[in-house]
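Per UniProt numbering: the sequence shown ends with 104, consecutive numbering throughout. Even for Gly, the Cβ is constructed at its ideal location relative to N, Cα and C. Have a look at the structure below before the remarks.
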Amino acid sequence: MNWNNKLNKRYTLISLYVIVTCIIIYCLSLVAKSAPSIIKDIMSKVNWFIQVAKPILLGFVFAYLFDPLNDFFEEKLKKIKIKNRQLKATRSWAVLITIILFLL
1 MNWNNKLNKR YTLISLYVIV TCIIIYCLSL VAKSAPSIIK DIMSKVNWFI QVAKPILLGF
61 VFAYLFDPLN DFFEEKLKKI KIKNRQLKAT RSWAVLITII LFLL
């Protein structure tokens, strides 16, 4: 028996489309049934990411806000001379002064 003569290509293609569509609809129904748990899992991951990223973003904000103040103190400390020698570690001293001012 020759199957090529018995099968109509057009109807075979249509039946293949129907089968694939049924499989896709079935998979989507499974996803829809478990959507609350999927959303819950996604939201827990998003909340975890926010908790991890919050201190990093806060650090960037503080660095952005305190950099001009730190540069100001660094320039002022570079002008200070002790026993005709320039003060060493002016950046460290400027950071320390900025932190102390922030804490006050």
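A straight-line Cα-Cα distance of about 12 angstroms links Leu-7 and Ile-14. Under the three-state reduction of DSSP output, Ile-80 falls in the coil class, being neither helix nor strand.
Taking 8 angstroms as the cut-off, the beta carbon of Asn-70 is found no closer than this to the beta carbon of Val-52. Within the model, the alpha-carbon separation for Lys-54 versus Pro-68 is close to 23 angstroms. Contact check for Phe-60 against Thr-98 fails: the beta carbons are separated by 8 angstroms or more. Distance check between Glu-74 and each of Thr-90, Lys-81, Tyr-64, Ile-80 places Thr-90 closest, using alpha-carbon atoms only.
When only Cα atoms are considered, Lys-9 and Leu-16 end up about 10 angstroms apart. The Cβ-Cβ distance between Trp-93 and Leu-77 falls below 8 angstroms.
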